[in-house]
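Student: Using full-length UniProt numbering, the letters of the sequence shown map in sequence onto residues 1 to 115. Supplied in structure tokens, the structure appears directly below.
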Amino acid sequence: MTACTEKAADTGSDAKSGAIAVQSTDAACKLSRTSAPAGSIAFEVSNEGGKITEFYLYGPDDRVVSEVEGIGPGTSRAMTVKVTEPGAYTTACKPGMVGDGIRGKFTVTAKKHHN
């Protein structure tokens, strides 16, 4: 399935596409940035671990805002989510697709207005 492994940009996709690069391993979930302005937020999730993983963005109320599942070892998946409310969010990678995963704080700031 080509669509599942297609990359939006090269590794470190942050620079070219504006996507936040997510590096998922069996023991860590590292993001190139931990904040973004409200609006469309793109994540490029690369699985560098040995197990299938998932990536989640949880809202301030701990509900799932968006997720991408079935990311096999050595593959990448893109996830774009529209977030309208600024606040404290949480990201999680779930190697082996079980438990709460490896969580981290993610801040959505107020959208910048251009005059």
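Beta carbons: idealized from backbone N, C-alpha and C, even for Gly.
What does the Cβ neighbour count give for E44, buried or exposed, with the cut at 16 atoms within 10 Å?
Tutor: The residue is buried, with at least 16 neighbouring Cβ atoms inside 10 Å.
Student: In terms of DSSP beta bridges, what is M79 paired with?
Tutor: Looking at the DSSP assignment, M79 forms a beta bridge with F43.
Student: Let me confirm a value: K112 is counted as buried when at least 16 other C-beta atoms fall within 10 Å, else exposed. Which label applies?
Tutor: That one is exposed.
Student: Find the nearest neighbour of T109 within the set N47, G99, S46 and S35, judged by alpha-carbon distance.
Tutor: Selected option, being the one with the closest Cα: S35.
Student: Helix, strand or coil for P60, going by three-state DSSP, please let me know.
Tutor: DSSP places P60 in coil when its eight states are reduced to three.
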